[in-house]
Each structure stands twice: as structure tokens, then as C-alpha cells.
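Since the structure comes first, as C-alpha cells, the remarks are kept for the end.
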Amino acid sequence: MASVNPFNLSDSEEEAERRPNETVDTERSSSDGAPGPPPGNPFSPPADAERPTLLLASNRTSPSGEGISVAAPSAMAGPADTRVSVDVIAAQLLRDQYILTALEFHTELLESGRELPRLRDYFSNPGNFERQSGTPPAKDQVLGPGGPLNRAGSISTLDSLDFARYSDDGNRESDERVAVLEFELRKAKETIQALRANLTQAAESEVPSQERKNFKSSPEIQEPIRPLEKRALNFLVNEYLLKNEYKLSSITFSDENDDQDFELWDDVGLNIPKPPDLLQLYRNCGTSPPSLRDRVDVSVGVNFTDLPGNCITQDPPKKPDLSQQQQTEVVQELEYQISLLNSEKESLAGQIKKLQSEIQTLKRTVSSPPPTIQDLGSQNTSNSSSSSTNNTTTTSSTDPLSVVCSQLPKDNGQYLDIRGVSEPESDLDPPSTHNASQYHSKLKSRPPVQFDQPNRKLSPAFQQALLSFCRMCSDSRLGAEVSRIADSEESVMLMLGRCLPHIVPNVLLAKREELIPLILCTACLHPEPKERDQLLHILFNLIKRPDDEQRQMILTGCVAFARHVGPTRVEAELLPQCWEQINHKYPERRLLVAESCGALAPYLPKEIRSSLVLSMLQQMLAEDKADMVREAVVKSLGIIMGYIDDPDKYSQGFELMLLSLGDPSERVVSAVHQVFIPAFAAWTTELGTLHTALIPSLLARIEKLLMQGEHSLDEHKLHVFLSALQSLIPPLFAVVLQNAPFTSRANLHRDTPAIEVTRFPRPASPLQDVATIIGSREMLSALLLLYDHQLEHEGTTGWDSLLWVVNQLLPQLIEIVGRINVTSSTCVHEFSRFFWRLCRTFGKIFTNTKVKPQFQEILRLSEENVDASTGNGILTKATVPIYATGVLTCYNQEEDRKLLVGFLEDVMTTLSLSHAPLDSLKASFVELGANPVYHELLLTVLWYGVVHTSALVRCTAARMFELLVKGVNETLVAQRVVPALITLSSDPEISVRISTIPAFGTIMETVTQKELLERVKMQLASFLEDPQYQDQHSLHMEIIRTFGRVGPNAEPRFRDEFVLPHLHKLALANNSQAVESKRSDIATQLFEAYSALSCCFISEEVMVNHFLPGLRCLRTDMEQLSPEHEVILSSMIKECEIKVENRAMADAQGSMSIASSLVGEDAKTKFLSKMGQLTTSGAMLANVFQRKK
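For the sequence shown, the UniProt record's numbering gives the first residue as 1, with consecutive numbering after it.
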């Protein structure tokens, strides 16, 4: 390493040119006149050397009085443009012992950034300031060897000296005491450090010669590090950390080495030259070092012979001049530097040529036709090089690699074989143009390696939608960096250059995902399997609990790694990492495993894909307790199903579907419908088992469930199977289109009309979109045109898939529907939605020509088809509500609404005239009434019943109003419902009037308009108070039943003023009922009503006047009719009496508390007024609380 020659420094370029060959020795022996220790012992002053001393301000004249006078004219005698160098001035000051002036000069040079080596070395050598004890000088004595002052070891010693005796200006000397003390203190500390280091070095030099010989003879045995070497290396390491912004690491390193001062190199050791920094050492470590030169350890001083002769008076040298030796060393150092620069120049020239060749390769690639994945690594390297050359960031949209990789999973790119790419040792040097072109030709000549592509026929759109559930990100800068893994050692350096600027500021702030590109590149290119395994282990354990974005980044990196290294290494290196994390305690890590299994599916060998990975996911689905992990498992299973091609795995896939559908978590079940079932259906479509195995299996399970649960049906399991069938409707329709006779005639034309937005139901996910399954919306539009034309004009002859739907699926479904319990609203709703989605998917023509006729064939609307005695008529089954709500509501045009209204009217009429149960009609009204769109339609149907000639139909209509009132807005209730009920309440038939009572009660329960409530109240009062109804047992029963149902939810005023008083009257009248059966019926209904109303808050007045008397009357009946009810009634009466007594006591206590509070307030006021009259004396305040004696 070249050393600095301090005597070649000058203040101007002219001085440097005037004296190009002037060199001055910086390593002198003490015999040259410069004060300093001899080479043998740098800490012992020689006997014949002059002792330098610290001169105070009064001693700043030359000892001879002529030094400066001679120098100044000599300096001015030269040419006008000649300047005296700062080194000459420094040497003159040191020679004449102007120590403090030299120190100030040295400080000013440091502040201006022009450190002078002569002054630096002089003041950093404690040996120059060692002195012997002396006495103050006489009057005529010049300050000489020995020094005028004793060295001040402490501030007390310094203060004890009388500086005024040795100075003409005592005040000036006292002002400099602090500076002197600080200087001596610093130098004392430096001397202590240097002595410690020198003693350590001296002790280390005592290494036995035999041991040193062993070290030299055995290169593999490393000599133990010495303390001096350790301190030097510590200083260089700390300096490297600071220069490269590793501030926290530097602080930690300094704390661990608290015995060393990292701000000053001289703390390492005495007279130890500072080596270059670590970066320079690293760059020069591969080159041959210069020839070793003999060096001597000398003290630092002034070589007066090097000063110009006209400046100072030269003393004859006592020892030979060493300047010739110094010049030889400088020349050798310069030659060494020249060789380094030449080698660096050649390296840069080679890199420039290489980059130019890569740019040409890129240009040829861009100008050529769209590339196939033939030279994946070469394109990637070229893009990276181009990005570095132009100082721009190449985005994924302009990168040829990203364009090709977007066509996943048909990625036929070659992957890296490390042994095939490894270069010989000689290629580690910077490559020439020939080597670069040879390297690229070698990459291009490698045969492309295919990934294991499954034998599948998925459309690209479906495949792309399936892979979208991997949730990898490449739209960000970091995502693009992760996706574009380098494929050679040169590209690794380029990537390091791109990523390191982002890593340094972020890695300490837990932004560890910035490390992913580096880890992946190294793992991709490292030749040692053990190291690669360690790097991948670091990748999967990089973040303790990775969040969603971090997991996506790791997945993107894993996919990029897999795309480059090929299926064999993915199986051998990545899958073991997944297997290790499968039971990790953190769910985020297990979630990463589940997601990576799906993301890596396209890049695995097909045997591993359908065996090991499938087993891993099945185990996680069955055992993992975290919902989000099982959700990711289901999505990954769906992706696996998109690539599996082993028919033997069908049964395992079916069991996985049922297992995941039965998961208790809604998010897991949602993932099954969104990803797994569409992917599994796509596979069964290719196998030809969708309509021959999968759908029939689900139907068989539904039938078995209905047979086993005739009395207690497991509605949850029914929902699971039916929802799975519903998710299979889009792929089933796609099968019908793809196997149609017209499929070969489907062509894409520009005039193909767009598909209506409402043509298909909204899909649960893109994988359930028929357009995605077919391949494109244009193709689907063309097929739909031919589909409708075929159904309308040409029929279904030869259309096996559609014939299976019409002749086998629909009849079996209608048969299952007929076996459902019509009172189960959940089952009715599930099957209604299924048929609605089936009809909407297959279209209006299919619904009108294939579905409706089959239902109408079964639902022959005549009284003969309803067997009231056996109750097995088809109109009483769930077929009616499912047909009405699932088929007739698919399309909402005028003719469709008319058909629905006519069907409901016919059903109402038929059921009423045949005295059949109304459950099927009620189920239809409940299902349709949930949608406000059908309220007007239902009111139209009911008005048909209101004006019907048959009293049975009018009774049915009146009872249907009760179901409709709860969901209809109050405006419709006031305009349509109440008028109809008022009309029916005046019907000639008493049964019709009685049938309106439940509807009136429901209005009292739900409506808030006072006018409506008053009208209803008046109508109910007429039923209770009109003498013609006094003996109407059924009317009384209906009113009591209605009061018990709506009383707890009705308005409190209506309950207190109307319901409870009339119940009291009915209970009192029932005591005198002569017919025991009627008395028992009324008593039973009253008991139910009072039990429901006992939970309400009842005022004391109503409790005493109506509720308790009514209960006592009822108890009188129950004592004779039902003793067990009488016990309960007695308990209720006792509780009510206790409530009344407690309220009375509470009222009394409340009045007393009010009076006592008034008295308390009065006493408080008097006490405070008394306190206010007292003075602030503490004694008087204390006397207030003393007892009187």
C-alpha cells in the first residue's frame, strides 16, 4: 500500500511541479537532530539529545535570536511566485522549539482539513515531551535541556507554580494554564495507552522460536491473534461499519470493546502506521503484494538537513542520510499503484464490452417475434443489465420475462442446473468479450426442460382464475424484484446492487421481506446443497409471524425459485421446509405452508403433487384448529385439483370435498364453494364423471338423509349436500354446452351480441362463472345463441348431456322435493334457491319447455288429486312452495307474474274446497312474503279469496292475511289489508268472521299508527261485546288465543286497557259455563294466555283490579277441571300478591325517605352555617367536636 510522503505536500500546484522529486525521510533516527527516542527503546530519551520543552508566551523568541531573521529574507529573496511550504514552516517551528505555536498551527491545519504528517507524528509521540527535573533558569540563561518547569502531574501542582516569576506578563500565563493542563492530560492518557500496547507487543514478541517455526512450516495452522492485531482489526471493522451506515452495529461493537477508543488510531499502539480500510484491503487481497522492504522503528522529529539551505543554518548530520532509501520505497509504491490501476482499467473495459454485447442481445430479442420460454435466464440477465445501464427500473409490464411468465402454468422455461452452469476457477476473473459471448451461448445451448404438465383440458381463463387464489404479488417494486430472480453470478451482483439500497434503511425496522430476493438468489445459485437448505430454512423462518403481505412476498419468491430450479429441486429442497412447518405453534407459519402447497403445485412432479402434497393438505384440513389455515388448505386443495390427472384420486377428492363442506367455520365452507368444488368439478368433467358419478352421489346422500330423518331431519347435512349441488350447476351447464350437437359450429364473430347482465345468477367466485369455464364471454355468447335456437327449433335429439338433465336429474329432484317436510322453512328455502339457480342458468326456454311441464304434470290442480283423509296429496307437499318460489319466480315478466298468481289462486281454492291442510300454501306465502317485490302480487291473490263465492276460500284468505301482515309496510296494511279484513269481519258466515281475528291481532302487534290501532280495537271490541257473539265458543277461543299470542308484544296501553279487562270478563263468565267441555277449553286457553302475560310489567291498579281477579276466577275453574294447573295458578297468585305488597312498602319507604332527606338537608344547612361562624383558629374548630362536661 502506498504511504504518504509528508514532504511532498505543498500549498500550491506550482510548488508540487517545482519540486517533483523532493522527498524527505519521515523515519529518522534521533541522531539527525530531531528530538526523539532511539530505535531501540522508543520510550527512553537519549543522553545526548536536546530536550524539547513547552515554551510559554514569554519564551517565544529564538534562542539565538537569529533564526527567523535569517529565514525571512531568504524566503523573500526567491522569485515572486515562490511560496514557503507549510512543512518548512512546521519544521522551523519545531527546530526553534516554538512548541505551542506549532501546536496552534497544527490545530488550524486540522480545522481546515489539511493535516500535516510532520506535526501529527510529532504531537502524537509522547516521547517528545518527556523531561527531567530542573530548576528555574538564571537571568542570563537561555531555556535549554532539562526544561524550566517541573511537569505538572495534577492541577494542584500546576497552581502551586509561580508562573509570574518566569514571565513578563503573569496574566497571560495564567490564561494559558487550562490549555496546558488539558494538553498534558490528553498526552498522559495517550502515553498510558501507548505504554500498555507497547508492553503487550513486547510480551508478544517473546513467542518461542520453535512455535513460530511451526506456524511458518504449517500454513494450515493459523497463528493466534495478538492483542495489537485485534485492536487494529477492531478499529478497521468499526470504521467500515460507520462508513457504510451500520450505526447501530457500530455502537454495539464499541460497547463490546469498551477498552478501546475507536475515535483515535493512535490508541491501537505507539508508532503503528494505519493500514488502508477494509474495502481497499479486500480489493487488493487477490493481487501479488510488493516486495518486502526492511523497515526500522524510529522516533519522529525534524530532519533539519531537509530544510532549504537559505532558510536555516544547517547542522552537520551525525548519521548517514536515508533519503535515498526513502525515494526507492516511494518509487516502488507508485509502481505498485500503477499496476493496480492498470488491472482495474482492464477489468472495467471488459465489463463495458460485456454490457455492450448484452445490449445487442437484448435488441435482437426485442426485434424478433414474440419469444417463447427458451432462454429464460438470458433474457432475465439482459433485462437486469439494461436496467443497470439506463438507470431505470424495468417494470413487469415491459419485461419480456414477465410477459411470458404471465401465461402460467405453461411455463416451459429452463431451470438452473448448478453443476451445468459452474465455471472453472480461471473464469472468476473479469470476463472478456469472448468469455461473455461464450457464457451466453452456453446458456442458450442448454436444452429447455419441461415441467410436468398434467394431461388436462382446462381453459386458460379457468386456469388463470384458479391460480389467482395463490395470492402472489408482483405489482410492487419488491414483488417484481422477487419474481425476477437472477440466473448467473453476474446477475446476482446486479440484483444485490438493486436491493441493498432498500435493505439497509429497512432491515432494522422489521422490514425483513427486503431480504427475500437475496436469500432466493443465493439459494438458487449456491453449489452446496447444505447451504441451500440452510438458506431456504432462513426464508421460511425469516419472519416470526408473517402478515398477509409478507406471506405473499415469500410465496412469490418460492414460485420464482421453483420456476428457475425445476421440479426435482423443488421436491428435494422446498417441500421439506413446508413439512417442517406443518405443526408450527404460530398459525401464520402454518398458513404459509398451506398457501405454498398451492402456489408450488404447477412446479412439482405430478407424482408428488397427487401423493405427498395431497396428504399434507389432508392432514392439515383434519387437524389444524385455525380457521384461516383450513381456509388456505381448501384453496390449495382446489389448485391441486386443477393439476391432478390421476383418476384413482377421485374418491379421495370427493371425501375431501365432503370433509371440508362439513367444517364448522363459514369461511372454510365459503372457500370450498369458491375454489375447491369448481376445480374438482372441472376435473370430473374431463373424467366424464360429473353427471355420472359426482352429482348422483350427492343426490343419493340426500335421499338417504330424507329416509333416515323422516321425523327429525338433519337440516345442516341437507344444506351441505344441497349447497354442493348448487355449486355444480355452472359446470353442469358448461358440460351441456360443450357436448351439444352445435358446438363445432360455434364461431366467434364481431356481431355476436353481448350476454345480458342478468342472464346468469351472480357467481360466488370467478371459477363459478360459466364464461370462465368455457374460456371467454365471446365463445359463451356464440354457444348461447346456438343453444337457444337448438332448444326452440331442433330439439334435444342426440344431446346426451341435456337429455340426462331432463330425463334423470329433474325427475329425481322433483321426487326428493315431494318427500320434504313442508313445515321446514329452511329446507323449502334451500330447494327453492337451488331450482331458481338451475332455471336461471339453463335459461328461460329450458325452464318453460323442460322444467315447468314436469311440475305441472305432477301438480294437476283438481280436488281429486288432494286426498284429505290420507294426507298424501301432492298439493300438501313441499312441491307447491318450491315450484312457486323456485321456478315461477325465475323470470319477472308480466306473463310470468300472471302464471304465478293463477297458480297460487288455484292452490288456495283447491286446498280450501278439499278441506286439506294449508301448510303448503302458508310456506309459499312465507317464502314469497320475505321479498317486498311480491307483496302486491300476494295481496292480489288474497283479494281473489276475499271476493270468492265459497266461504271456505274466504276463510283461507282471512288466515293468510296473518302471515302477510308482518312483512308488509304500514301503508299497504292501511290501504289493502285492513279494508279486506273489515270486509271479511262482516261476512255472513261466522267462520269467516272468526278467521279474521288472528290477522287483527297481528296488526295490533306490529302496527304503530294510532288510527289503525283504534279501528282494529273497535272491531275486536265488537266481537267481544256484541250480544250475538256471547255464545260463540269458537270465537271466544280464537280471541283468547290471539290475546295470549300478541299481548306480550302489543302496546302496553292496549294490553292494560283492553286485553286484561276482557280476559277478566271471559274468566268470570267461564265460571258459570254449564257445558264442561267448553268450560275446560276456555280455561285451558285462559291459562296459556295468563302464563304469557305474567311476564309483562303490569301496573298495580290493573294487577289488583283485573289480573289477580282473573287468575282467581281461573283457579276456581281449575280446582274442578285440572288440579295440577290449580297448583301453578295458586303460585302465580301468591307471587302477584307479594309484588303488590312490595310495591306498597316501597311507596311508603319512598315517602319516608323523602321526609328524612328534607330533615337531613335542614340539619346539614344548620351545621354548615355554624361552621361558617367560626374563625380559622384550629383550637376553636377542635372545640366544636368536644363533648360538654
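Built from N, CA and C at the ideal position, the CB exists for glycine as well.
Measure the beta-carbon distance from residue i to residue j and round it to whole angstroms, keeping in mind my assumption that it falls under 8 Å.
i: Y643; j: R609; result: 6 Å
i: V828; j: E927; result: 6 Å
i: N238; j: S254; result: 6 Å
i: S920; j: K877; result: 6 Å
i: V629; j: R590; result: 5 Å
i: V946; j: T983; result: 6 Å
i: I543; j: G598; result: Actually they do not touch by this definition, with Cβ atoms about 20 Å apart.
i: T1002; j: V968; result: Not quite, the Cβ-Cβ distance comes to about 11 Å (not below 8 Å), so this is no contact.
i: V978; j: L1012; result: 6 Å
i: L728; j: L694; result: 7 Å
i: G269; j: L228; result: 5 Å
i: E778; j: L737; result: Rounded, the Cβ-Cβ distance is 14 Å, inconsistent with contact.
Spatial neighbours of residue i within its chain, please: C-beta separation below 7 Å, excluding the five flanking residues on both sides.
i: A90; result: A102, F105, L116, R118, L119
i: D987; result: R954, R993
i: F680; result: M641, G653, M657
i: E1100; result: V1140, R1143
i: V1007; result: E970, V973, L1013
Just to confirm, is the Cβ distance from residue i to residue j under 8 Å?
i: P678; j: P731; result: yes
i: D645; j: R512; result: no
i: A754; j: S781; result: yes
i: Q768; j: P811; result: no
i: V772; j: F462; result: The sequence shown places Thr at residue 772, not Val. Yes, they are a contact pair.
i: L574; j: F561; result: yes
i: L963; j: F1000; result: no
i: P567; j: Y603; result: yes
i: S596; j: C558; result: yes
i: H935; j: L899; result: no
i: F742; j: V770; result: no
i: L723; j: H691; result: Per the sequence presented here, residue 723 reads as Ser, with Leu not at that position. For S723 and H691, no; Cβs fall outside 8 Å.
i: F676; j: V613; result: no
i: A1050; j: M1004; result: yes
If you measure from the beta carbon of residue i to each beta carbon in chain D, is any gap under 8 Å?
i: L575; result: Protein chains in the displayed structure number just one, and chain D is not present.
Apart from the five residues on each side of it in sequence, which residues of its chain come closer than 6 Å, Cβ to Cβ, to residue i?
i: L725; result: L698
i: T395; result: Per-residue confidence for T395 stands at a pLDDT of 36, beneath the threshold of 50, marking its modelled position as unreliable; the derived number appears in the next sentence. Cβ within range, chain order: n/a, list empty.
i: S124; result: D266
i: Y240; result: L278
i: Y282; result: none
i: A523; result: R532, L535, L536
i: A465; result: P766, L767, T772
Return the chain-ordered list of same chain residues with a C-beta closer than 8 Å to the C-beta of residue i, the five sequence neighbours on each side being excluded.
i: E989; result: A951, R954, C955
i: I814; result: Q854, F855, I858, T879
i: G818; result: I858, I874, K877, A878, T879
i: E715; result: S824, T826, C827
Do the stretch 1042-1057 and the stretch 1084-1094 touch if we need at least three Cβ pairs shorter than 8 Å? A contact exists between the stretch 1042-1057 and the stretch 1084-1094.
What are the uninterrupted segments assigned as alpha helix (DSSP H) that are 4 or more residues long and contained completely in the stretch 697-735, given in chain order? You should have 715-727.
Taking 8 Å as the threshold, find out whether the stretch 659-674 comes into contact with the stretch 784-798 through three or more Cβ pairs. Between the stretch 659-674 and the stretch 784-798, the count of Cβ pairs shorter than 8 Å is below three; the stretches do not touch.
What ranges does the alpha helix (DSSP H) occupy inside the stretch 599-680, keeping only unbroken runs of at least 4 residues that lie completely in it? As summarised for the stretch 599-680, the continuous alpha helix (DSSP H) elements at least 4 residues long and confined to that stretch are 606-609, 612-623, 627-641, 650-661, 666-671, given in chain order.
Sufficient close CB pairs (3 or more, under 8 Å) joining the stretch 928-940 to the stretch 835-848: Counting Cβ pairs under 8 Å, fewer than three are found: no touch.
Could you tell me whether the stretch 782-790 touches the stretch 463-472, using the rule of 3 or more Cβ pairs below 8 Å? Judged by Cβ distances under 8 Å, the stretch 782-790 makes no contact with the stretch 463-472, as fewer than three pairs qualify.
Please confirm if the stretch 1107-1125 is in contact with the stretch 1063-1077, defined as three or more CB-CB distances below 8 Å between the two stretches. Yes: the two stretches touch, three or more of their Cβ pairs being nearer than 8 Å.
Within the stretch 1032-1116, ranges of the beta strand (DSSP E) (whole runs, at least 3 residues): Taking only runs of at least 3 residues, no beta strand (DSSP E) segment lies wholly in the stretch 1032-1116.
Quick check on the DSSP output: what are the complete alpha helix (DSSP H) runs of length 4 or more inside the stretch 755-829, in order along the chain? Within the stretch 755-829, the complete alpha helix (DSSP H) runs of at least 4 residues are 770-774, 777-789, 800-804, 810-818.
Would you be able to state if there are at least three C-beta pairs under 8 Å between the stretch 542-554 and the stretch 512-525? Output reads yes: the stretch 542-554 touches the stretch 512-525.
Quick one: which unbroken alpha helix (DSSP H) runs of 4-plus residues sit fully inside the stretch 961-1024? Chain order, please. Counting only runs of 4 or more, we get 978-985, 990-995, 997-1006.
Start-end ranges of the alpha helix (DSSP H) lying completely within the stretch 900-930, minimum 4 residues: Listed in chain order, they are 919-929.
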